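Student:
In our numbering, the protein residues as written are 219 to 438.
(1) May I ask you to report which of helix, strand or coil DSSP gives residue 297?
(2) Alpha carbon to alpha carbon, what distance is there between residue 343 and residue 368?
(3) Given a cut-off of 9 Å, decide if residue 401 and residue 384 are closer than it, judged by their beta-carbon atoms.
(4) Within the continuous beta strand (DSSP E) that includes residue 257, where are the two ends?
(5) Within 10 angstroms of the Cβ of residue 284, are there 16 or more other Cβ atoms? Answer buried if so, exposed if not.
(6) Can you tell me which of the three DSSP states residue 343 falls into?
(7) Give every residue of the same chain whose Cβ lies closer than 8 Å to the Cβ of residue 296, excluding the five residues on either side of it in the sequence, and list them in chain order.
(8) What first and last residue would you give for the beta strand (DSSP E) that runs through residue 378?
(9) Answer yes or no: do residue 372 and residue 389 have a C-beta to C-beta separation smaller than 9 Å?
(10) How would you call residue 298, buried or exposed, if buried means at least 16 neighbouring beta carbons within 10 angstroms?
(11) In the DSSP assignment, find the unbroken beta strand (DSSP E) run with residue 275 in it and report its ends.
(12) How would you call residue 395, buried or exposed, if buried means at least 16 neighbouring beta carbons within 10 angstroms?
(13) Measure from the alpha carbon of residue 345 to the alpha carbon of each residue in 411, 386, 274 and 318, then state which is nearest.
(14) Are residue 415 and residue 332 touching if we call contact CB-CB under 9 Å?
(15) Name the residue from 242, 311 and 397 whose alpha carbon lies nearest to the alpha carbon of residue 273.
(16) Run through DSSP, which three-state label would residue 330 get?
(17) Using beta-carbon positions only, say whether residue 302 and residue 364 come within less than 9 Å of one another.
And the structure:
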């Protein structure tokens with residue numbers, strides 16, 4: 219068996235409970251795929267939703283600014299296996315399975331229905347001031363059919379911007395859903411009401427995603 223070292227990679231895991239029950243694991247690594255500071259994230263969700271067991275595998279590539287440039291998903295259950303490839307140009311234009319998808323224009327992030335990972339993307343990409351809501355539409359991919367669609371979302375920072383473990387108010391108007399998301403010092407969700415929480419484990423080291431949320435350094 220051949221093993222390839224992955225410098226700068228970090229592992230994450232969550233317990234899904236509430237809407238679905240299961241686990242999720244992901245590995246975040248820096249890879250120069252669409253820029254010298256790009257990220258590659260691979261993960262798997264194994265869970266039961268409304269009595270149906272399923273396995274979702276994903277690979278997501280973010281560019282230097284944290285915008286989603288590529289995502290491939292495979293989802294299998296007892297009835298079928300689905301696959302979708304979504305690509306973005308970083309300026310809000312998308313293709314789905316190599317076909318132009320103008321209905322997704324304006325989105326910069328993907329959001330996977332069955333994942334607790336992807337809420338980290340807009341939070342890391344944007345420097346949100348305390349208390350001011352920001353609308354961040356995303357390419358939302360449902361588990362049942364892997365059909366990408368636009369999902370309107372709103373984030374609002376709660377508490378001081380210097381808090382190493384920030385909290386954000388989250389709203390999804392289409393689903394009449396709102397909650398408070400708690401993030402860890404690594405920039406990823408640790409508690410998502412009604413969906414899940416981070417697995418008990420040793421605290422991970424600082425995530426490279428945190429660099430995206432830092433304000434730019436002005437030239438002197």
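Ideal placement from N, C-alpha and C gives every residue a C-beta, glycine not left out. Every value quoted in this text rests on a predicted model; they were computed, and no experiment measured them.
Tutor: In this structure, then:
(1) Here residue 297 sits in coil by DSSP.
(2) Straight-line Cα distance between these residues: approximately 18 Å.
(3) Going by C-beta atoms, residue 384 is nearer than 9 Å to residue 401.
(4) Its beta strand (DSSP E) spans residues 257-267.
(5) Classification for residue 284: buried.
(6) Judged by DSSP in its simplified three-state form, residue 343 adopts helix.
(7) Same-chain partners within the cutoff: 270 and 271.
(8) That residue, residue 378, is in no beta strand (DSSP E); it is neither H nor E in DSSP.
(9) Result yes, Cβ atoms of residue 372 and residue 389 sit closer than 9 Å.
(10) By the 10 Å Cβ count, residue 298 comes out exposed.
(11) Note, residue 275: beta strand (DSSP E), 270-280.
(12) Under this definition residue 395 is an exposed residue.
(13) Distance from the Cα of residue 345 is smallest, within the candidate group 411, 386, 274 and 318, for 386.
(14) No, the pair does not count as a contact, with Cβ atoms beyond the cut-off.
(15) Comparing Cα positions, the closest option is 242.
(16) The three-state reading of DSSP puts residue 330 in strand, counting E and B together.
(17) With respect to residue 364, residue 302 sits close: the two C-beta atoms are nearer than 9 Å.
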